[in-house]
Amino acid sequence: MKKILKSILGPKTLKLLGKVKFAFSPYLVEESKEVIDRRQKFYNQFISPNDLVFDIGANVGNRTRPLLNIGAKVVAVEPQKKCQKILKKTFGNEINIVPMGVGEMEDIKDFFVSNAHTISSFSTEWIESVKKDRFKEYTWSRPIKIQITTLDKLIEKYGLPKFIKIDVEGYELEVLKGLTCAVDMISFEYTVPEQIQRAIDCISQIEKYNSEIECNFSKGESMEFALKNWRSVTDFKNYISTQEFISTDFGDIYVRKIS
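Position 47, counted from 1, in the sequence shown is what our numbering calls 396; the numbers after and before it change by one each time, with no gaps.
Next comes the structure, spelled out in structure tokens:
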């Protein structure tokens, strides 16, 4: 079926469907056991029972369930009220839900809600860069005011996490600027070619508080490391600008502390 869809829609459109699959029904959150198991297998490589995880931009919890299945303690941060309700209904007291955004400092920021809730964002720059082509079929409403906290503040309250997952539609750098300590593993979403420099800047920001790090990435929603061997910061920054990496379109970059 996937091959048939690819021939009809093209590879780029098919990949984008993974990002906006809940666009037409914000309550359509059921995912197959196969998808959940694949994510769980991936996270099992670096998450253990009782590890603390921050899910920044939790949305409706598609990464939360596999983390809970492993036995992780999850702090889910999500600014959208509809998504918060789904998180509460789905997970109840299994997770800590923080109904805020995350940024460089405590503040109140404009948040632009899309008709596809997976691409709502605090970043007007990101919205402008993707609405011309990548997400030209979607719209963003007038902004609503959202309270912003920081990763440092979350650490003060909940403790130092083993892993921070960041999926905030172009606001990743601002989130990372609110972190002033080393974390074992951090992932953040990338979109290229629109946000090549932002991806590089995110790695540089992490490096400020932990110089002993290395990088890898996962293409799209594949939930597997694309590189057999992790790369140094310098090598990976150079790699981001190559056509090979740009052709991956979107995914998650992983930065881990070298033991």
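A virtual CB, placed ideally from N, CA and C, is assigned to each residue, including glycine.
Note that this is a predicted model, so its numbers are computed, not measured.
query                                                                                                                                                                                        : result
Do residue 567 and residue 527 count as a contact pair if the criterion is CB distance below 8 Å?                                                                                            : no
Please report the distance separating the alpha-carbon of residue 544 from that of residue 552.                                                                                              : 13 Å
Which same chain residues end up closer than 6 Å to residue 463 when comparing Cβ atoms and leaving out the 5 residues on each side of it in sequence?                                       : 469, 487, 489
Would you call the stretch 391-402 and the stretch 414-421 in contact, with 3 or more CB pairs under 8 Å?                                                                                    : yes
Three-state secondary structure (DSSP) at residue 588?                                                                                                                                       : helix
Helix, strand or coil for residue 608 per DSSP?                                                                                                                                              : coil
Please work out which residues of its chain come closer than 6 Å, Cβ to Cβ, to residue 542, disregarding the five sequence neighbours upstream and downstream, and give them in chain order. : 595
Are residue 451 and residue 498 touching if we call contact CB-CB under 8 Å?                                                                                                                 : yes
With the cut-off set at 8 Å, would you say residue 559 and residue 511 are in Cβ contact?                                                                                                    : no
Report the start-end ranges of each beta strand (DSSP E) in the stretch 490-564 that is 3 residues or longer and not cut off at the edges.                                                   : 493-498, 512-515, 534-540
What does DSSP give as the partner residues of residue 581 in its beta bridges?                                                                                                              : 563
Taking the straight line between their C-alpha atoms, what separation do you get for residue 441 and residue 434?                                                                            : 10 Å
Kindly indicate which residue of 515, 586, 570, 592 has the alpha-carbon position closest to the one of residue 387.                                                                         : 570
Expressed to the nearest angstrom, what Euclidean distance is found between the alpha-carbon atoms of residue 354 and residue 557?                                                           : Per-residue confidence for residue 354 stands at a pLDDT of 38, beneath the threshold of 50, marking its modelled position as unreliable; no derived number is given.
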